[in-house]
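Chains as they are written, first to last, in my numbering: chain A, 7 to 179; chain B, 35 to 253. All C-beta atoms, glycine included, are put in the ideal place defined by N, C-alpha and C. Below is one structure, written out as structure tokens; the observations come after it.
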Amino acid sequence: MRRVALLISHERDSDLAEFVEEHYERLIRLAALVCNDASEAQEAVQNGLERAWRKRSQLRAQESTRSWVDRIVVREAIRCGERRRSWIQRLAPRGDEAPETVTGGLGVAGTAALRLAYASLLPRHRAVVALHHYAGYSVAETAAALQLPKETVRSRLRSARMRMREHLEEPIG
Amino acid sequence: MNRSHEDAIDDELRAYLGVRAEELAREMLRMHDATDRLARRSRAPRDRRARSLAMIAATVAGAALITVAVVGGRPDGEDGQRRVGSPSSTVEAIARVVGIYRSVEPLRGTMCVAVSLEPEAATTDLWWWGAGKTGCDSRTSDVIRTLAFRDVVGGPRGEVVKVSYLVDLMTGEQERIEFTIGSAPAGAPLPALITDRGSQRELVMIRTGDVEPPFRPVD
Chain A
7 MRRVALLISH
17 ERDSDLAEFV
27 EEHYERLIRL
37 AALVCNDASE
47 AQEAVQNGLE
57 RAWRKRSQLR
67 AQESTRSWVD
77 RIVVREAIRC
87 GERRRSWIQR
97 LAPRGDEAPE
107 TVTGGLGVAG
117 TAALRLAYAS
127 LLPRHRAVVA
137 LHHYAGYSVA
147 ETAAALQLPK
157 ETVRSRLRSA
167 RMRMREHLEE
177 PIG
Chain B
35 MNRSHEDAID
45 DELRAYLGVR
55 AEELAREMLR
65 MHDATDRLAR
75 RSRAPRDRRA
85 RSLAMIAATV
95 AGAALITVAV
105 VGGRPDGEDG
115 QRRVGSPSST
125 VEAIARVVGI
135 YRSVEPLRGT
145 MCVAVSLEPE
155 AATTDLWWWG
165 AGKTGCDSRT
175 SDVIRTLAFR
185 DVVGGPRGEV
195 VKVSYLVDLM
205 TGEQERIEFT
215 IGSAPAGAPL
225 PALITDRGSQ
235 RELVMIRTGD
245 VEPPFRPVD
């Protein structure tokens, strides 16, 4: 019995390691969207993966590794504003020296408006937006990942859309 | 908000999230590079002194170059016209509006903008933030800095200064944002016209030393 459990555990370890190898960059992007900050995202992913590794025995057989790890990392990322950056991260350039990219039909001012609208969302609202609109989770999956009622997810998506509309709707001219 | 309008906003949001995720990932790579450089520096204490000396020498040389550029670029400098390559009236107009100017009122919804006007810089900064409780002298969001490549400086007879910024698009194209700024006495508010994708908006811009106004959320 113990031998079987050990085997399952080894399998789980290797599955998790494989998953991290394959999904690390996606997790970084997902956490970065929630934190809206590159350095904090990295810390969130590190902490999240460490937590996932410690709790790997809790990963149920019927649960997908992807939604389980995503949930842990996103929850960690929601706390990003609360963490203080280390001195070395504060010394490192924040990357705002590069030219900004602009999304398709919006123009520079429109993209800046969208950035502001997105930056003004709380991390827990960005988590819903990032999981649903970026990671492609359905409302039900987003609700399950964040352990929220579906109506709360819908309401956060609506409120994010309203915020975008406020910033985007008024034309320059 | 009807369904198609909601879908349109969601589409813009999805496109933005894709671009933003890549931007943040690139930023992380740059941070890794910088961190590696810092780590290498701390691992080589014997090299540090030599590097510090080189840095001091470079700083002194840089300061000398900057001084030459500023003196050379001044409108009353002996060769100011030649350096800028524009009519002298334009040079004077530019000289009067050197510095950072911000919009008094938001220009799109709640968005405020500030622009750095420097006479000879090839690149410049644009800053954006969400207007706070008291307007553009306060904010409700982080300040976003956009580096832009300036490609046109000049204007007819020094009455107006037109500054055009090019920003690279993901598609490989470039987007142009243009400020047409009227001249005014030093320190006075400037009338400006901002053009972005064919839309225009008149603004009043005032000189500011701080592009990070106090955070004052709207009630």
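In terms of beta-carbon proximity, residue 135 of chain B stays away from the interface with chain A, with every pair separated by 7 Å or more. When only Cα atoms are considered, residue 243 of chain B and residue 134 of chain B end up about 7 Å apart. In this structure, DSSP gives residue 173 of chain B an extended state, which the three-state scheme calls strand.
Residues of chain B with a Cβ closer than 9 Å to the Cβ of residue 172 of chain A are, in chain order, 143 and 144.
Judged by DSSP in its simplified three-state form, residue 76 of chain A adopts helix.
Your pair residue 85 of chain A and residue 131 of chain A does not check out as a contact, with CB atoms roughly 14 Å apart and the cut at 8 Å.
Selection B:150, B:137, B:158 and B:174 evaluated against residue 128 of chain A yields B:174 as nearest (Cα-Cα).
Between residue 136 of chain A and residue 40 of chain A, the gap from beta carbon to beta carbon is short of 7 Å.
Shortest Cα-Cα distance from residue 146 of chain A to any of A:155, A:140 and A:139 involves A:155. Per DSSP, residue 51 of chain A is one residue of the alpha helix (DSSP H) stretching across 44-60. The beta carbon of residue 251 of chain B lies closer than 6 Å to those of 174 in the same chain, with the five residues before and after it left out.
Interface annotation, residue 139 of chain A: in contact with chain B, CB-CB separation under 7 Å. From the beta-carbon of residue 48 of chain A, the residues of chain B found nearer than 7 Å are 62.
When secondary structure is reduced to three states using DSSP, residue 225 of chain B falls in the strand class. Among the CB atoms of chain B, one or more fall inside 7 Å of the CB of residue 121 of chain A. Interface flag for residue 48 of chain B against chain A is set, since a Cβ pair is found closer than 7 Å. For residue 239 of chain B, none of the residues of chain A pass the 7 Å Cβ criterion, the least Cβ distance being about 15 Å. Within chain B, no residue has its beta carbon less than 8 Å from that of residue 161 of chain A; the closest one is some 14 Å off. Apart from the 5 residues on each side of it in sequence, residue 166 of chain B sits with its Cβ closer than 6 Å to the Cβ of 172, 173, 174 and 250 in its chain, given in chain order.
Straight-line spacing of the CA atoms in residue 159 of chain A and residue 37 of chain A works out to 18 Å. What residue 172 of chain B touches in chain A, judged by beta-carbon distance under 7 Å, is nothing: the nearest beta carbon there is about 14 Å away.
By the Cβ-count criterion, residue 64 of chain A is exposed, with fewer than 16 other Cβ atoms from all chains shown falling within 10 Å of its own Cβ. Assigned with DSSP and collapsed to three states, residue 238 of chain B falls in strand. Identification of chain A residues near residue 175 of chain B by a Cβ-Cβ cut-off of 7 Å yields 122, 125 and 126, ordered along the chain. Residue 233 of chain B sits in a strand when the DSSP states are folded into three classes. The beta-bridge partner set that DSSP reports for residue 134 of chain B consists of B:150. Excluding residues up to 5 positions away in sequence, 78, 79 and 82 lie with their Cβ nearer than 6 Å to the Cβ of residue 54 of chain A in the same chain.
The DSSP-derived three-state label of residue 165 of chain B is strand.
Residue 144 of chain B sits close to residue 164 of chain B, with the two beta carbons spaced by under 7 Å. DSSP, read as helix, strand or coil, puts residue 212 of chain B in strand. For the pair residue 170 of chain A and residue 43 of chain B, the CB atoms are nearer than the 7 Å cut-off. About 39 Å separates the beta carbon of residue 239 of chain B from that of residue 34 of chain A, a gap too long to meet the 8 Å contact definition.
Annotation: the continuous alpha helix (DSSP H) that includes residue 147 of chain A extends over 145-152.
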